[in-house]
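Number of protein chains: 2
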Amino acid sequence: MSRTQRAPRLEEVATLAGVSAATVSRYINNPEVVAAATGLRIQAAIDETGYLPNLNAGALASSRSRLIATLVPDIAQSIFNDTIEAMIDELSNDGNSVMLSLTGADNNRLIAQINAALSRRVDAIILTGIVTDAETRDRLRSLPVTVIETWGLPDEPIDVAIGFSHSAAGDAMARFLRSRGYRRPHLIVPNSTRSQRRAGGFVRRWMEEGGDEPTRLEVNVPSHFGQGRLSFRALTDLPAMPDVVVCGSDWIAQGLIVEAQAAGVRVPDKLAVTGFGNLRMAGDMRPTITSVDVDGARIAREMIRVLRERAAGKTITERRIDVGSRIIARESA
Amino acid sequence: MSRTQRAPRLEEVATLAGVSAATVSRYINNPEVVAAATGLRIQAAIDETGYLPNLNAGALASSRSRLIATLVPDIAQSIFNDTIEAMIDELSNDGNSVMLSLTGADNNRLIAQINAALSRRVDAIILTGIVTDAETRDRLRSLPVTVIETWGLPDEPIDVAIGFSHSAAGDAMARFLRSRGYRRPHLIVPNSTRSQRRAGGFVRRWMEEGGDEPTRLEVNVPSHFGQGRLSFRALTDLPAMPDVVVCGSDWIAQGLIVEAQAAGVRVPDKLAVTGFGNLRMAGDMRPTITSVDVDGARIAREMIRVLRERAAGKTITERRIDVGSRIIARESA
DNA sequence: AACAATTATGAAAGCGCTTGCAACAGTCAC
DNA sequence: GTGACTGTTGCAAGCGCTTTCATAATTGTT
Numbered sequence: 001m002s003r004t005q006r007a008p009r010l011e012e013v014a015t016l017a018g019v020s021a022a023t024v025s026r027y028i029n030n031p032e033v034v035a036a037a038t039g040l041r042i043q044a045a046i047d048e049t050g051y052l053p054n055l056n057a058g059a060l061a062s063s064r065s066r067l068i069a070t071l072v073p074d075i076a077q078s079i080f081n082d083t084i085e086a087m088i089d090e091l092s093n094d095g096n097s098v099m100l101s102l103t104g105a106d107n108n109r110l111i112a113q114i115n116a117a118l119s120r121r122v123d124a125i126i127l128t129g130i131v132t133d134a135e136t137r138d139r140l141r142s143l144p145v146t147v148i149e150t151w152g153l154p155d156e157p158i159d160v161a162i163g164f165s166h167s168a169a170g171d172a173m174a175r176f177l178r179s180r181g182y183r184r185p186h187l188i189v190p191n192s193t194r195s196q197r198r199a200g201g202f203v204r205r206w207m208e209e210g211g212d213e214p215t216r217l218e219v220n221v222p223s224h225f226g227q228g229r230l231s232f233r234a235l236t237d238l239p240a241m242p243d244v245v246v247c248g249s250d251w252i253a254q255g256l257i258v259e260a261q262a263a264g265v266r267v268p269d270k271l272a273v274t275g276f277g278n279l280r281m282a283g284d285m286r287p288t289i290t291s292v293d294v295d296g297a298r299i300a301r302e303m304i305r306v307l308r309e310r311a312a313g314k315t316i317t318e319r320r321i322d323v324g325s326r327i328i329a330r331e332s333a
Numbered sequence: 001m002s003r004t005q006r007a008p009r010l011e012e013v014a015t016l017a018g019v020s021a022a023t024v025s026r027y028i029n030n031p032e033v034v035a036a037a038t039g040l041r042i043q044a045a046i047d048e049t050g051y052l053p054n055l056n057a058g059a060l061a062s063s064r065s066r067l068i069a070t071l072v073p074d075i076a077q078s079i080f081n082d083t084i085e086a087m088i089d090e091l092s093n094d095g096n097s098v099m100l101s102l103t104g105a106d107n108n109r110l111i112a113q114i115n116a117a118l119s120r121r122v123d124a125i126i127l128t129g130i131v132t133d134a135e136t137r138d139r140l141r142s143l144p145v146t147v148i149e150t151w152g153l154p155d156e157p158i159d160v161a162i163g164f165s166h167s168a169a170g171d172a173m174a175r176f177l178r179s180r181g182y183r184r185p186h187l188i189v190p191n192s193t194r195s196q197r198r199a200g201g202f203v204r205r206w207m208e209e210g211g212d213e214p215t216r217l218e219v220n221v222p223s224h225f226g227q228g229r230l231s232f233r234a235l236t237d238l239p240a241m242p243d244v245v246v247c248g249s250d251w252i253a254q255g256l257i258v259e260a261q262a263a264g265v266r267v268p269d270k271l272a273v274t275g276f277g278n279l280r281m282a283g284d285m286r287p288t289i290t291s292v293d294v295d296g297a298r299i300a301r302e303m304i305r306v307l308r309e310r311a312a313g314k315t316i317t318e319r320r321i322d323v324g325s326r327i328i329a330r331e332s333a
């Protein structure tokens, strides 16, 4: 295949193997239906010509594109990156191509990217950030395409959701810190629906267990290291110094720890800190950061399972798939 | 468009607007060739039907897919993430869909992903990691597709390269540290071609300026925070303590600073540190990290320019586009 | 007023696959 | 030997667009 000459077509492979194009197509997409001997001849012809199927043509003819759109808020400093990587890997291994779009926080961009995905006739749209706009949710619901929401577990999924209960995660963290004897938690809450929900779960449980209402600071998403530093400084504005800071992401936790130490406040002796997302860095930080782990690989696997069932024409009964979350206790709290 | 009913086709829009399908196609792809009044009617019909073109069909018919493959090593802890984001944004805004594949360090995966991209008949393949395998480079060279290498600036690009000279970046850092009065640099060098080249540039300049040969530690890619911590501990094995550690990435620099501070070694008073990549975190760290900035947005813009020229059938004369790099002097060195 | 040049549109032939249908050759049970 | 299957293959009709070529309508030129 040189820069000038055209790529070989199915027809050429067929001629070389002495069969019809239809049979070659069957061999490629469904090898078990062609006779073993024929298959061998076809494979030889494929190898000889260096044939690579034109999947655009295939998609058009079969109305199955094997193209999956993943819409994520960002990748520069995302807490989802491990999950995104796992998803891309699994999808690729399962014979799909992955289109990646960055939505930021802008609903109009999201809409444009949904349209772009639909124009490619993707088999599925994977959402990592949460779609809050009701109209967009309705539109997605009406689409002839599989929509998988990940990380969250909304009451009314657009189609299928694979994630965990954020309020349960908050609840678990409240119990954990309570049992460790902390008494004055301070929450640093990114202004995203899911973070808010975790905070809600935390506060509810905390007060049910007899604690005082925690103080809190809201920060903008995407959350990042720098916010942690600023958040530490803001602690001085509180009526009393907290004994533990519950951060909405590991980045914030890391920034906060760095700033605390620079200010001579020892972590966790003087101030405990927890993060969220269990990034690799959390285990490497000094002190290591207590965090909440989400099994991104598991989310990816469940996603493949759902996609396969859909492709096989089965009806999905379980529309909310809970993969849970786990507190990873380390040195920082 | 409900879950059951088919998407509207060009033909339907055409009928509604009272023109032929050809004219609608022209309006969509090349609006200036259709009469203004006709265009208005067509747009109304598009809006009414909610028509979204089937780009797979379009790609097949025009043999231009407007699909771009970007192959990156990873996204979880990548120093390229800002560049990748900028590229995805620019490509999307320019009417393309972006396929993202993760190559890891495995050449076989890379080959599989190149084939996947070719099967989609992508208009271009964007490489972020460097392709070292000679056979793969030759294969890519022979392909009827635009190949853009980014970040690096190889002597013999596969097709077009947009990046900067890593050895020049190393050279500049050597001058910078020398002029600041440092005398015993220690290099932490990820085992990637480009990092090695930076180290090479550094050492050459350093010794030319009369310095002693720097000590060095090789670490595996992808580099990450944890390596920085370990690298600090390894400093005790050196014959003499360095006065500055030149790290192959900001992650390593950050990890090293954290570990140094935990050990009571003040940065930069006792030990200076530099990073690479100028991640947002570098400016937020305490102390802020002296780093090398690469203008990812610029790389993305140049990429679009090249792609456009290719699409217009022009011959690209400038096959190595140097966007340079800049030392960002901060507190850590 | 006649002609050339320009602009706007339509008809129709693909682009390279997939797949329903039909045909044919074997296999098997009786 | 016959009929009913089963397994394997080919034929041909699309999938929904783009684009060449031809034609019609308009404008400009002399």
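Keeping their order, the protein sequence lines are chains A and B. Numbers 1 to 333, taken from the numbering used here, label the letters of the first sequence in order. Numbers 1 to 333, taken from the numbering used here, label the letters of the second sequence in order. Positions of the beta carbon are idealized from the N, C-alpha and C atoms, including for glycine. Keep in mind the model is a prediction, meaning the values are calculated, not measured.
Next item on the list: Give the range of the alpha helix (DSSP H) segment to which Met285 (chain B) is assigned.
Entry: Here residue 285 (chain B) refers to the residue found at position 285 of the second sequence. Element bounds for Met285 (chain B): n/a, residue is neither H nor E.
Query raised in the report: Are Arg183 (chain A) and Asp243 (chain A) closer than 8 Å when you measure CB to CB?
Result: Stepping through the first sequence from its first residue, residue 183 (chain A) is reached at position 183. Stepping through the first sequence from its first residue, residue 243 (chain A) is reached at position 243. It is a contact, given that the beta carbons lie within the stated cut-off.
ask   = Any idea what DSSP makes of Ser332 (chain A), helix, strand or coil?
value = Within the first sequence, the letter at position 332 stands for residue 332 (chain A). Of the three classes helix, strand and coil, the one that applies to Ser332 (chain A) here is coil, per DSSP.
query: Whose C-alpha, out of B:Gln77, B:Val265 and B:Gly248, is nearest the C-alpha of His166 (chain B)?
result: For the purposes of this step, residue 166 (chain B) is taken as residue 166 along the second sequence, with counting starting at 1. Cα-wise, what sits closest to His166 (chain B) is B:Gly248.
Inset, instruction - List the residues that DSSP assigns as beta-bridge partners of Trp206 (chain A). - result: Within the first sequence, residue 206 (chain A) is the residue found at index 206, counting from 1. Note: Trp206 (chain A) sits in no beta bridge, so no partner.
Quiz item: Leu40 (chain A) to Asp47 (chain A), Cα distance in whole Å?
Solution: For this step, residue 40 (chain A) is matched to residue 40 along the first sequence. For this step, residue 47 (chain A) is matched to residue 47 along the first sequence. Taking C-alpha positions only, Leu40 (chain A) is separated from Asp47 (chain A) by approximately 11 Å.
Does the beta-carbon of Ala35 (chain A) have 16 or more other beta-carbons within 10 angstroms, so that it is buried, or is it exposed? Numbered from 1 along the first sequence, position 35 holds the residue referred to as residue 35 (chain A). Ala35 (chain A) sits exposed, since fewer than 16 C-beta atoms from the chains shown fall within 10 Å of its C-beta.
Would you list the one or two residues that DSSP bridges to Met99 (chain B)?
Locating residue 99 (chain B) in the second sequence gives position 99, where the first residue counts as 1. The partner list for Met99 (chain B) (beta bridge, DSSP) reads A:Met99 and B:Ala69.
Can you list the residues of chain A that Phe225 (chain B) reaches, using a CB-CB cut of under 8 Å?
Sequence index remark: in the second sequence, residue 225 (chain B) carries index 225 (1-based). Within chain A, Arg280, Met281, Asp284 and Met285 have C-beta atoms less than 8 Å from the C-beta of Phe225 (chain B), given in sequence order.
Check your understanding: Can you find a C-beta in chain A that's less than 8 Å from the C-beta of Arg3 (chain B)?
Key -> Position 3 of the second sequence, counted from the start, is the residue given in the question as residue 3 (chain B). Reliability of the predicted coordinates at Arg3 (chain B) is poor, the pLDDT of 45 falling under 50, and the value obtained from them is presented with this limitation in mind. Using a CB distance cut-off of 8 Å, Arg3 (chain B) counts as an interface residue toward chain A.
Spatially closest choice to Trp251 (chain A) from A:Leu230, A:Val265 and A:Pro268, by CA coordinates | In the first sequence, counting from the first residue as 1, residue 251 (chain A) sits at position 251. Among A:Leu230, A:Val265 and A:Pro268, the Cα nearest to that of Trp251 (chain A) is on A:Leu230.
Quiz item: Can you name the residues of chain A whose CB is closer than 7 Å to the CB of Ala59 (chain B)?
Solution: What you label residue 59 (chain B) is simply residue 59 of the second sequence in a count that begins at 1. Chain A residues near Ala59 (chain B): Asn56.
query: Using DSSP with H/G/I as helix, E/B as strand and the rest coil, what is Pro144 (chain A)?
result: Along the first sequence, read from residue 1 onward, the residue named residue 144 (chain A) stands at position 144. Coil at Pro144 (chain A), not helix or strand.
Is the shortest distance between the beta-carbon of Leu10 (chain A) and the beta-carbons of chain B less than 8 Å? Taking the first sequence and counting its residues from 1, the one referred to as residue 10 (chain A) is at position 10. Closer than 8 Å to the CB of Leu10 (chain A) there is not a single CB belonging to chain B.
Residues near Thr38 (chain B) by beta carbon distance below 8 Å, same chain, minus five either side | Your numbering for residue 38 (chain B) matches position 38 in the second sequence. These residues qualify, in order along the chain: Ala17, Val19, Thr23 and Tyr27.
So, helix, strand or coil for Ala234 (chain B), using DSSP? Here residue 234 (chain B) refers to the residue found at position 234 when the second sequence is read from its first residue. Residue state for Ala234 (chain B) is assigned as helix, using DSSP reduced to three classes.
**Q.** Whole-number beta carbon distance between Ile316 (chain B) and Met309 (chain B), since they are thought to touch under 8 Å
**A.** Start at 1 with the first residue of the second sequence, and residue 309 (chain B) comes out as number 309. Start at 1 with the first residue of the second sequence, and residue 316 (chain B) comes out as number 316. The identity of residue 309 (chain B) in the sequence shown is Glu, whereas the question assumes Met. Cβ atoms of Glu309 (chain B) and Ile316 (chain B) come within 8 Å of each other, at about 6 Å.
Going by C-alpha distance, which of B:Val13, B:Ser62, B:Leu52 and B:Glu32 is nearest Ala45 (chain B)?
Working through the second sequence from its first residue, we reach residue 45 (chain B) at position 45. Checked all of B:Val13, B:Ser62, B:Leu52 and B:Glu32; the closest Cα to Ala45 (chain B) is B:Val13.
Measure the beta-carbon distance from Arg330 (chain B) to Gly283 (chain B) and round it to whole angstroms, keeping in mind my assumption that it falls under 8 Å. Locating residue 330 (chain B) in the second sequence gives position 330, counting from the first residue. Locating residue 283 (chain B) in the second sequence gives position 283, counting from the first residue. Indeed, because the Cβ distance is near 7 Å, the residues count as touching under 8 Å.
Taking the straight line between their C-alpha atoms, what separation do you get for Ile42 (chain A) and Asp293 (chain A)?
The sequence position of residue 42 (chain A) within the first sequence is 42, counting from 1. The sequence position of residue 293 (chain A) within the first sequence is 293, counting from 1. Roughly 48 Å separates the two Cα atoms.
Exposed or buried, which one is Leu102 (chain B) when buried takes at least 16 other CB atoms within 10 Å? For this step, residue 102 (chain B) is matched to residue 102 along the second sequence. With 16 or more other Cβ atoms from the protein chains shown falling within 10 Å of its own Cβ, Leu102 (chain B) counts as buried.
- prompt: At least one CB of chain A closer than 8 Å to the CB of Asn81 (chain B): is that the case?
  reply: In the second sequence, counting from the first residue as 1, residue 81 (chain B) sits at position 81. Taking Cβ atoms only, chain A reaches closer than 8 Å to Asn81 (chain B), which makes this a yes.
Does the distance from the CB of Ile68 (chain B) to the CB of Asp155 (chain B) come in under 8 Å?
-> Taking the second sequence and counting its residues from 1, one reaches residue 68 (chain B) at position 68. Taking the second sequence and counting its residues from 1, one reaches residue 155 (chain B) at position 155. Contact: no.
Let me know if Ser223 (chain A) comes out buried or exposed under the rule of 16 or more other beta-carbons within 10 Å of its beta-carbon.
Translated into positions along the first sequence, residue 223 (chain A) becomes position 223. Burial call: buried.
Task: Buried/exposed call for Gly313 (chain A), threshold 16 Cβ in 10 Å - done: On the first sequence, residue 313 (chain A) is found 313 positions in, with the first residue counted as 1. Gly313 (chain A) should be labelled exposed.
* Verify the CB distance criterion: does Pro53 (chain A) have a CB-CB separation below 8 Å to chain B? => In the first sequence, counting from the first residue as 1, residue 53 (chain A) sits at position 53. Yes, Pro53 (chain A) lies at the interface with chain B (some Cβ there is under 8 Å from its Cβ).
Practice item. For Pro190 (chain A), count neighbouring Cβ atoms within 10 angstroms of its own Cβ and tell me buried if that reaches 16, exposed if not. Key: Counting from one through the first sequence, the residue named residue 190 (chain A) turns up at place 190. Under this definition Pro190 (chain A) is a buried residue.
Quiz item: Along chain B, in chain order, which residues have C-beta atoms closer than 9 Å to that of Glu331 (chain A)?
Solution: In the first sequence, counting from the first residue as 1, residue 331 (chain A) sits at position 331. Near Glu331 (chain A) there are no residues of chain B at all, since even the closest Cβ is about 11 Å away, more than 9 Å.
- Task: Pick out whichever of B:Asn81, B:Thr193, B:Ser195 and B:Met99 has its Cα sitting closest to the Cα of Arg66 (chain B).
- Result: What you label residue 66 (chain B) is simply residue 66 of the second sequence in a count that begins at 1. When each option's Cα is compared against that of Arg66 (chain B), the closest is B:Met99.
message = On the CB-based measure, 16 or more other CB atoms within 10 Å of its CB, does Ile321 (chain B) come out buried or exposed?
response = As a position in the second sequence, residue 321 (chain B) is number 321, starting the count at 1. By the Cβ-count criterion, Ile321 (chain B) is buried, with 16 or more other Cβ atoms from all chains shown falling within 10 Å of its own Cβ.
Report the rounded CA-to-CA distance for Gly210 (chain B) versus Ile257 (chain B), giving the unit in angstroms.
Stepping through the second sequence from its first residue, residue 210 (chain B) is reached at position 210. Stepping through the second sequence from its first residue, residue 257 (chain B) is reached at position 257. Per the coordinates, the alpha-carbon of Gly210 (chain B) lies some 28 Å from the alpha-carbon of Ile257 (chain B).
Find out if the Cβ-Cβ distance for the pair Val273 (chain B), Ser332 (chain B) is shorter than 8 Å. Walking along the second sequence from the start, residue 273 (chain B) turns up at place 273. Walking along the second sequence from the start, residue 332 (chain B) turns up at place 332. Yes. Within cutoff.
Query - Asp293 (chain A) - partner residues in DSSP beta bridges - result: In the first sequence, residue 293 (chain A) corresponds to position 293, counting from 1. The partner list for Asp293 (chain A) (beta bridge, DSSP) reads A:Arg326.
Next item on the list: Just the chain A side, please: which residues come within less than 7 Å of Ala76 (chain B) by C-beta, in chain order?
Entry: By one-based count along the second sequence, residue 76 (chain B) stands at place 76. At a beta-carbon threshold of 7 Å, the residues of chain A lying near Ala76 (chain B) are Asn81, Asp82 and Glu85, ordered along the chain.
Nearest to Phe276 (chain B) by alpha carbon, out of B:Ala57, B:Arg233 and B:Ser78?
The count along the second sequence starts at 1 and reaches residue 276 (chain B) at position 276. Of the candidates B:Ala57, B:Arg233 and B:Ser78, the one whose C-alpha sits nearest the C-alpha of Phe276 (chain B) is B:Ser78.
Are the C-beta atoms of Gly120 (chain A) and some chain B residue less than 8 Å apart? The residue you call residue 120 (chain A) lines up with position 120 of the first sequence. First, the residue type needs correcting, since residue 120 (chain A) is Arg and not Gly in the sequence shown. Yes, its Cβ sits closer than 8 Å to a Cβ of chain B.
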